[in-house]
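In the working numbering, the protein residues as written are 1 to 790.
All residues carry an ideal CB built from backbone N, CA and C; glycine is no exception.
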Amino acid sequence: MSDEGLGNSAIRKAGWVTKYAQWVIRWRWAVIAASILITLGTGFGGQFLSFSTDYRVFFSKENPQLQAFESLQRVFNKEDNISLVLQPDNGDVFQPDMLAAIRDLTEKSWQVPFATRVDSLSNFQNSTAEQDDLIVDDLVPADSPLDVADLNRIRTAAMSEPLLLARIIAPDARTTMVNITITLPQKALTEVPEAMAYVDGLVAEFRADNPDITLAITGSVALNNSFSVSAQGDMQTLIPLMYGILLLVMAVLLRSISGTFATLLVIAFSAMTAMGLAGWFAIPLTPPSVMAPTIILTLAIADSIHVLISMFHSMRRGVPKRDALVESLRVNFQPVFLTSLTTIIGFLSLNFSDAPPFRDLGNITAMGVGAAWFFSIAFLPALMVVLPVRVKQREEHESAAMERLADFVIRRRGPIMVGTLALVVGLVAFIPKIELNDQFVKYFDKSIEFRNDTDWATDNLSGIYQAQWSIPAAGSGGISDPDYLRRLEGFSQFLRARGEVVHVLTLTDIFKRLNKNMHGDDPDWYKLPDQRDLAAQYLLLFEMSLPFGLDLNNQVNVDKSAVRVIATLENVTTNELQVLDDEASAWLRDNFPSAAETKASGPFVMFAYIAKRNIEGMLTGTFLAFVLISATLTIALRSPKLGAISLAPNLVPAAMAFGIWGLVVGEVGMASSVVAATSLGIIVDATVHFLSKYRRARVERGEDAEDAVRYAFSTVGTALWVTTAILVAGFAVLSLSTFKINGVMGMLTAITLVMAIIIDFLLLPAMLLLLDGRRKDRDAGQAPLAQAAE
Numbered sequence: 001m002s003d004e005g006l007g008n009s010a011i012r013k014a015g016w017v018t019k020y021a022q023w024v025i026r027w028r029w030a031v032i033a034a035s036i037l038i039t040l041g042t043g044f045g046g047q048f049l050s051f052s053t054d055y056r057v058f059f060s061k062e063n064p065q066l067q068a069f070e071s072l073q074r075v076f077n078k079e080d081n082i083s084l085v086l087q088p089d090n091g092d093v094f095q096p097d098m099l100a101a102i103r104d105l106t107e108k109s110w111q112v113p114f115a116t117r118v119d120s121l122s123n124f125q126n127s128t129a130e131q132d133d134l135i136v137d138d139l140v141p142a143d144s145p146l147d148v149a150d151l152n153r154i155r156t157a158a159m160s161e162p163l164l165l166a167r168i169i170a171p172d173a174r175t176t177m178v179n180i181t182i183t184l185p186q187k188a189l190t191e192v193p194e195a196m197a198y199v200d201g202l203v204a205e206f207r208a209d210n211p212d213i214t215l216a217i218t219g220s221v222a223l224n225n226s227f228s229v230s231a232q233g234d235m236q237t238l239i240p241l242m243y244g245i246l247l248l249v250m251a252v253l254l255r256s257i258s259g260t261f262a263t264l265l266v267i268a269f270s271a272m273t274a275m276g277l278a279g280w281f282a283i284p285l286t287p288p289s290v291m292a293p294t295i296i297l298t299l300a301i302a303d304s305i306h307v308l309i310s311m312f313h314s315m316r317r318g319v320p321k322r323d324a325l326v327e328s329l330r331v332n333f334q335p336v337f338l339t340s341l342t343t344i345i346g347f348l349s350l351n352f353s354d355a356p357p358f359r360d361l362g363n364i365t366a367m368g369v370g371a372a373w374f375f376s377i378a379f380l381p382a383l384m385v386v387l388p389v390r391v392k393q394r395e396e397h398e399s400a401a402m403e404r405l406a407d408f409v410i411r412r413r414g415p416i417m418v419g420t421l422a423l424v425v426g427l428v429a430f431i432p433k434i435e436l437n438d439q440f441v442k443y444f445d446k447s448i449e450f451r452n453d454t455d456w457a458t459d460n461l462s463g464i465y466q467a468q469w470s471i472p473a474a475g476s477g478g479i480s481d482p483d484y485l486r487r488l489e490g491f492s493q494f495l496r497a498r499g500e501v502v503h504v505l506t507l508t509d510i511f512k513r514l515n516k517n518m519h520g521d522d523p524d525w526y527k528l529p530d531q532r533d534l535a536a537q538y539l540l541l542f543e544m545s546l547p548f549g550l551d552l553n554n555q556v557n558v559d560k561s562a563v564r565v566i567a568t569l570e571n572v573t574t575n576e577l578q579v580l581d582d583e584a585s586a587w588l589r590d591n592f593p594s595a596a597e598t599k600a601s602g603p604f605v606m607f608a609y610i611a612k613r614n615i616e617g618m619l620t621g622t623f624l625a626f627v628l629i630s631a632t633l634t635i636a637l638r639s640p641k642l643g644a645i646s647l648a649p650n651l652v653p654a655a656m657a658f659g660i661w662g663l664v665v666g667e668v669g670m671a672s673s674v675v676a677a678t679s680l681g682i683i684v685d686a687t688v689h690f691l692s693k694y695r696r697a698r699v700e701r702g703e704d705a706e707d708a709v710r711y712a713f714s715t716v717g718t719a720l721w722v723t724t725a726i727l728v729a730g731f732a733v734l735s736l737s738t739f740k741i742n743g744v745m746g747m748l749t750a751i752t753l754v755m756a757i758i759i760d761f762l763l764l765p766a767m768l769l770l771l772d773g774r775r776k777d778r779d780a781g782q783a784p785l786a787q788a789a790e
C-alpha cells in the first residue's frame, strides 16, 4: 500500500508502531515470559476474593432507604429471618400429628445458629383470664392432650387472633409457618451458609419423618444464601459455556488452530488478571460482579480478532507471516487502543451507580479490558510468531460480499436513511411503556429453590415483602398514652383497608386482647384501654409473663417510646409499594403529628427505590461517558464533522434496544440503569473502525465519499461482523444467568449490539454520504490517528 499523501505525523506514528511491532517479534520469548509472569503475579490475588451473602451490599452507605432501615434496626432488634412454611397433604393444620410436628420443629429451630427467636402456632403466647389472674402460656403446650376439645380450643384462639391470622396461619387453616429470627453478628462470611446448612439438615430430617407435609424455606436469610447459590451456579455453568461458544465461533470464523489457541490464552490471561487484581484490591464478589469474567472473555476477544483477521488477510495475499503481523499491528494499534479506552470509560462510569455491586462490576471489567489490550498488542503477536500458522492464498469472498453491501447502501442511501430513522422512531415510541420493578424474589429464575419456595409460600400463606414503620411517641413510656394508641390503631386500620396489605403486625392488637383479658375475657372489652396508667400496667404484666426469647422487643423499643408496625404485602410491584409509601406518609402527616416525618422502611422498600436511584446516578455517569467518548473520537479522527456524525450510531442503538424491550417485556429494574453506559463503550468499537477506514480512504487515498464507504466496507466489514457475532454470543450467554439482573443486562446489551451493527452498516454510511459527500478534495496533511483493522 502506498504511503503517498500521508502527513508527517502519520508517518512518524506508523514508524513508531512498526518499530514496536518489530521489537515484539525480536524479543518474543521475553514478551511471552513477561506476560505469563504478570498474569501469575496479579492472578495470585484471586486467593483473597470473597463472596458477600448480604442483600445490603446492593446499597451504598449514602442510600437513604438503607440509612432509614439501619436506623430502625438500631431502635428495635436487628434481625433477619428464615421462615419454614408447612402444609399437610390432607386436611388443615389443626390435626394432632400436624400440631405435634409443628411443636417439635419449633423446639428444634431454637438450635439454628444465630437464632434469637422462634415464632409458631405452637409457642404463640396466648393470654387468657383466670378469675383475677392473667395467664400467658403456649397455645400448644408440651402437655397438650390434642383431643377434640383441645383442638377446638386451639382453632378458636388461632383463627380469631390478629397476630396469627394471615401471618402464622392462613385464613383457610391449610398452611402455617415457623418463623426463625436470626441475628447475624456480621463478623464472618460463613454466617449465612452456616445457618442455612443447619436449616437444610433440619428440614431434611423433618421431611423424612413427615412425608405427608409439604415444607418450603423462605425469608431474608434464605434470600441472602440464594445470592451465593445463584452466583456459584453461574460460575460453574456460564463461564465454561462461554469458553465453549467462543471456541466454536473462533474456530469457524478464524479457521486457524493457532489463532484460536492464542486468543483463548489472551482472554484467559485477561480474566485471571482482572480477578486477581480484584482480590488484591479487596473487591467483594456479588451476583453482578461475579459476571465480570464472562464479560471480559467476551470483550477481550474483539482486540485479538482485529489483529488476527488483518494478519490472515495479508497472508492470504501472499505476505510473509512476520510482515503481515507488523502490518496488522501498524493499522490496528490505534483503533484497538481507542476501542479499549472507550470500553473502559463506559464501564468506569458505573462508579456513578448507587449500587456498589455495579461499581465493582465496572471496575473489574475495566481492569480486564485494559489487560486484554495489553495482551493483544504484546503477548498475542509474540505468540503468533512462535506458533505455526498455515494460511492458504486465496480470494477473499467476504470482501466481495461487503462490497456488494456497500453498493446497495450507496444506491439506496435515501430510502435507507428514511427507513432506518422511521424504525428508530417507531421503536423509541415504546420506551414509555417500560415499568420499573425490582421485586427481589424475581431476581432469581425458577431453577433456584428459594424462588419456587417463596412463590409457593406467597400463594398459600403470605408473601416475603414487607414495609415497616417506626412510629415515635412523645417521650419515654409514651406508647401507653391513649391518644397515641388511638392514632396507632387508626394507622393500622388504614393499612388493613388497602388491598395489597395481607397482614398488619401492630401493638394495638395486644393492648386490645389484654384489655379483654383483664375484664374476664368479655368480648365487649376488646378495645384499647382509655387510661395511660392502666395500659402501662397491662403491658408490664404481659411482658413479665413472657418466656425468654419471646418478648416484645421486635415491636417495642427499650424505653417504650416507639412502636414498629409491619405490613406484609401481596406480590406487588415496586411502583405499587412506592404509592403505598407515599400515601402512608401523607396519612401520618395529616393524622399523627409525632410521626409526621416517618417513611416506610425494610428490605423490600430499599429495593423498590434502587432502580430509580441507580438511573438518577447513571444519568450523570452515562452523560460523562458520552462526552468523553465523543471527545475521544473527535480528537482521534481529527474531524469535528465526523465526530458529530459518530453521535448517532453511538446513541441510537441503546434507545432502539429499550424500545424493543418495552414492546416485548415492558419491565426493567436495576440492570437497565447500567446498560446504556456499558453498551455505549462497547458499540463505539464498530463506529471507530468504520469511521477510521472511511477517514483513511478520504485522506490517504484521496477518494470521494462513495469510494471511501466502499473501502470501509471491504476492509473492515468482515472484522466487524465477526466481532459483533462474538459479542452478541457472549452477552446472550450472560442472559442465561439464574440471576435475572445479570440476565436482563446480558440480553439488553446483546440487543443493543445487534441494533448497533445495523445502524453502523446502514444509517452511518448513509449519513456520511449525505453530510460528507459534497467534499471532493481530501484533507491535506492530516492522517487519522485511528487506523482500522484490515
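Sequence-distant residues of its chain with Cβ nearer than 7 angstroms to Pro171 (five each side left out):
Leu165
Taking the Cβ atom as the reference point for each residue, do Ile364 and Leu299 lie within a distance shorter than 9 angstroms?
no
From Val684, Thr715 and Leu680, residue whose alpha carbon lies closest to that of Arg696
Thr715
Less than 9 angstroms between the C-beta atoms of Ile431 and Gly659, yes or no?
yes
Bridge partners - Phe444, DSSP secondary structure assignment:
Phe739
Proximity of Leu769 and Ala705 at Cβ, strictly below 9 angstroms
yes
Hey, could you find the ends of the beta strand (DSSP E) Val565 is sitting in?
Ala562 to Leu569
How many angstroms separate the CA atom of Ser314 from the CA atom of Tyr20?
19 angstroms
Does DSSP put Met177 in a helix, a strand or coil?
strand
Alpha carbon to alpha carbon, what distance is there between Leu633 and Leu247?
32 angstroms
Using the Cβ count rule (16 or more neighbours within 10 Å means buried), how would you classify Ser230?
buried
Considering Thr573, what are the terminal residues of the beta strand (DSSP E) in which it resides?
That residue, Thr573, is in no beta strand (DSSP E); it is neither H nor E in DSSP.
Apart from the five residues just before and just after Glu790, which ones in its own chain have a Cβ nearer than 6 angstroms to its Cβ?
Confidence at Glu790 is low in this model, with a pLDDT of 35, below 50, so the placement of that residue should be treated as unreliable; the coordinate-derived value is given next. So the qualifying residues of the chain are Ser310, His313, Val331 and Thr715.
Is there contact between the stretch 219-228 and the stretch 148-160, where contact requires at least three CB pairs shorter than 8 angstroms?
no
Where in the stretch 34-94 do unbroken runs of the beta strand (DSSP E), each at least 3 residues long, occur, reported from the N-terminal end onward?
80-88
Can you tell me whether Ala467 is helix, strand or coil according to DSSP?
strand
Residues bridged to Thr128 [DSSP beta-bridge criterion]
Ile135
By a C-beta neighbour count over all protein chains shown, 10 Å radius and 16 as the cutoff for buried, is Leu90 buried or exposed?
Residue identity differs from the one stated: residue 90 is Asn in this sequence, not Leu. It is exposed - the Cβ of Asn90 has fewer than 16 other Cβ atoms within 10 Å.
DSSP-derived helix/strand/coil call for Pro649:
helix
When you compare only the Cα positions, how much space is there between Ala783 and Pro765?
Residue placement at Ala783 is flagged as unreliable, the pLDDT there being 42, under the threshold of 50; the coordinate-derived value follows with that caveat. Taking the straight line joining both Cα atoms gives about 20 angstroms.
Would you report the Cα separation of Phe48 and Glu616, rounded to the nearest angstrom?
33 angstroms
DSSP-derived helix/strand/coil call for Ala780
Note that Ala780 has pLDDT 35, beneath the 50 cutoff, so the model's placement of it is unreliable and no number is given.
Identify whether Val118 lies in helix, strand or coil by the three-state DSSP scheme.
strand
Should the stretch 332-340 be called in touch with the stretch 286-306, which here means at least 3 C-beta pairs below 8 angstroms?
yes
Count the CB pairs spanning the stretch 729-742 and the stretch 371-390 that are closer than 8 angstroms, and state whether there are at least three.
no
Quick one: using the 10 Å Cβ neighbour count with 16 as the cut-off for buried, is Ala10 buried or exposed?
Model confidence at Ala10 stands at a pLDDT of 39, short of 50, so the residue's coordinates are unreliable and nothing is read from them.
When you compare only the Cα positions, how much space is there between Leu550 and Asp137?
11 angstroms
Quick check on Ala170: does DSSP put it in helix, strand or coil?
coil
Limits of the alpha helix (DSSP H) - the one that Thr214 falls within
Not the alpha helix (DSSP H): Thr214 falls in the beta strand (DSSP E), residues Ile213 to Thr218.
Alpha carbon to alpha carbon, how far is Ser35 from Trp27? Give it in angstroms, no decimals.
12 angstroms
Extent of the continuous alpha helix (DSSP H) to which His689 belongs
Ser672 to Val699
For Met518 and Trp110, I'd like the C-alpha separation in whole angstroms.
32 angstroms
Rounded straight-line distance, which links the Cα of Val31 to that of Ser376:
12 angstroms
As a quick exercise: from Gln65, Val709 and Val744, pick the residue whose alpha carbon is nearest that of Ser673.
Val744
In terms of DSSP beta bridges, what is Ile182 paired with?
Asp80 and Ala115
Smallest Cα separation from Gln679: which of Thr687, Gly702 and Ala654?
Inspection of the sequence shows that residue 679 is occupied by Ser rather than by Gln. Taking only the C-alpha atoms, the option nearest Ser679 is Ala654.
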